[in-house]
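Trainee: Numbered per UniProt numbering, the sequence shown spans residues 1 to 371. The C-beta atom is built at its ideal place from N, Cα and C for all residues, glycine as well. Here the structure is a predicted model, which means the values were calculated and not measured.
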Amino acid sequence: ERTISLGKDLSLMVRSLPLYYPIAPSNRIVRFDMESMVTNLRECFRALSIQARSMHDGTMWLVTPSHVEMQLTAWEIAQNDKVCVEVNRISGDGIEFHTYARHILDSAEGKLCTDAKARIRNQPRTPKFLGKLISLGGSTEGNGTPDEAIEIAHSMLKNDRTDSKLLALEMLTALTDLRKSTRETCQKVSAEILTGITNSQRPSRIASTIHQLIQRQVSMTEVDYDSDDDDDDDDDDYTAEYNQFSRYSRERSLMIHLALQAFTNALETMKITGNPIEISAVRQMSIEAAGADVLEYMIQSLNVSGSNLNTVSLTLKSIRLACELDVAVAQKSSNPDLVQLVNHAYRTGVLSHHNLEIESQRLLGIVQLDQ
């Protein structure tokens with residue numbers, strides 16, 4: 001057995017292939033060139049903003065910005081100068097998984113594609129199971145309205161089932177994405193997420209749920225890797241180590257990620273599409289009032305959510321958009337502690353995470369100018 005070291009606390013063990021092991025389609029037999037493979041994989045992870053973590057069984061756990069979780073394994077084969085590199089999906093969208101897996105395997109083979117990040121970024125997808133729900137709010141033929149889509153999301157959030165809440169949050173992230181939904185729908189859903197204002201008499205469960213989930217970042221890390229919870233998991237593809245993670249913790253982590261994504265999308269939608277009057281109203285009612293605490297929690301979360309660089313990157317983007325929408329927020333955010341945290345995030349991003357590098361650099365340009 002050999003070990004491939006990709007840097008501090010990050011390694012991948014080349015293990016003997018078990019007898020009768022059914023290798024998944026996402027694999028490739030490559031020439032084992034330690035130096036080249038290490039360089040290419042590190043650059044691939046950085047360019048695609050994939051967070052990697054070494055596991056005790058010698059495999060590597062990977063998670064993408066869209067929260068596709070994968071497992072990277074290297075197997076010894078009969079040919080001494082070659083290894084079998086395999087990528088398996090743990091959770092997340094299947095098509096996105098194969099896109100990322102292809103780039104990872106290309107990198108292991110020495111064919112790192114420099115425009116891989118651009119190709120993934122420019123191909124936003126809406127999972128099939130969300131298509132019909134989102135069409136209610138995004139139909140151009142009048143078959144549905146944004147209000148109907150909002151009501152569906154609201155009713156699913158009222159359900160006690162976790163899968164219902166996750167589906168509602170995934171729906172909201174798509175409804176606030178201008179690449180996946182109509183302009184009118186994005187504006188209406190974004191306004192409700194930010195301000196809590198609805199067209200009906202009911203209070204907005206959507207806004208309160210998202211704000212509460214964002215606030216929970218401060219009280220938890222993204223995945224409780226030291227959890228003693230012995231919840232069982234029926235999926236045989238999970239490694240023994242992954243099985244020790246509490247399913248509840250993983251679902252809670254995903255809910256926070258989706259809530260933060262929807263909140264970020266909402267800010268971005270209002271920045272791109274809102275006229276000055278609309279933006280002013282959103283600032284006054286959301287960022288200065290309902291959103292003030294959310295912004296403070298986001299800044300606090302930079303101290304505790306370092307275990308997930310994708311979440312840190314999203315948090316930085318939300319803070320930046322809030323600063324761009326309101327000068328008062330930018331001035332409030334310009335403090336030495338935040339600048340120090342963002343500087344640390346920037347240095348980390350330069351080494352291992354492209355999105356984190358870009359978002360921290362953009363935020364530094366705002367908060368440092370206002371000092």
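(1) Express the C-alpha separation of Ala52 and Asn343 in angstroms, rounding to a whole number.
(2) Decide yes or no for the touch test of the segment 60 to 69 against the segment 83 to 99: beta carbon pairs closer than 8 Å, at least 3 of them.
(3) On the CB-based measure, 16 or more other CB atoms within 10 Å of its CB, does Asp177 come out buried or exposed?
(4) So the candidates are Asp337, Leu166, Ser318; which of them puts its Cα closest to the Cα of Ser253?
(5) Tell me whether Tyr238 sits in a helix, a strand or coil according to DSSP, three-state version.
(6) Grouping DSSP H, G and I as helix and E and B as strand, with all else coil, what is His154?
(7) Return the chain-ordered list of same chain residues with a C-beta closer than 7 Å to the C-beta of Ile210, the five sequence neighbours on each side being excluded.
(8) Note the first and the last residue of the continuous alpha helix (DSSP H) segment covering Lys165.
(9) Quick one, which of Glu148, Leu72, Ile29 has its alpha-carbon nearest Gln79's?
(10) Within its chain, find whatever has a CB closer than 7 Å to the CB of Lys317; leave out the 5 residues flanking it on each side and keep chain order.
(11) Note down, in chain order, each residue of its chain lying with its Cβ closer than 7 Å to the Cβ of Arg2, except the 5 sequence neighbours on either side.
(12) What residues are listed by DSSP as bridge partners for Ala47?
(13) Let me check understanding here. Comparing Cα to Cα, which of Ala153, Ile50, Ser190, Asn27 lies closest to Thr348?
(14) Tell me, which residues are paired with Thr3 by DSSP?
(15) Exposed or buried, Gly365, counting other C-beta atoms within 10 Å across all chains shown (16 or more means buried)?
(16) Report back the beta-carbon spacing between Ala153 and Ala168 to the nearest angstrom; my notes put them in contact at under 8 Å.
(17) Out of Met171, Asp160, Thr162, which one is the CA nearest neighbour of Ala149?
Mentor: With the given structure in hand:
(1) 21 Å
(2) yes
(3) buried
(4) Leu166
(5) Unreliable placement is indicated for Tyr238, whose pLDDT of 46 sits below 50; the coordinate value is still reported in the next sentence. Looking at Tyr238 - three-state DSSP - the assignment turns out to be coil, as it is neither helix nor strand.
(6) helix
(7) Ile193, Ala259, Ala262, Phe263
(8) 162 to 175
(9) Ile29
(10) Thr264, Glu359
(11) Val14
(12) Paired residues: none, contrary to the question.
(13) Ile50
(14) Met13
(15) exposed
(16) 5 Å
(17) Met171
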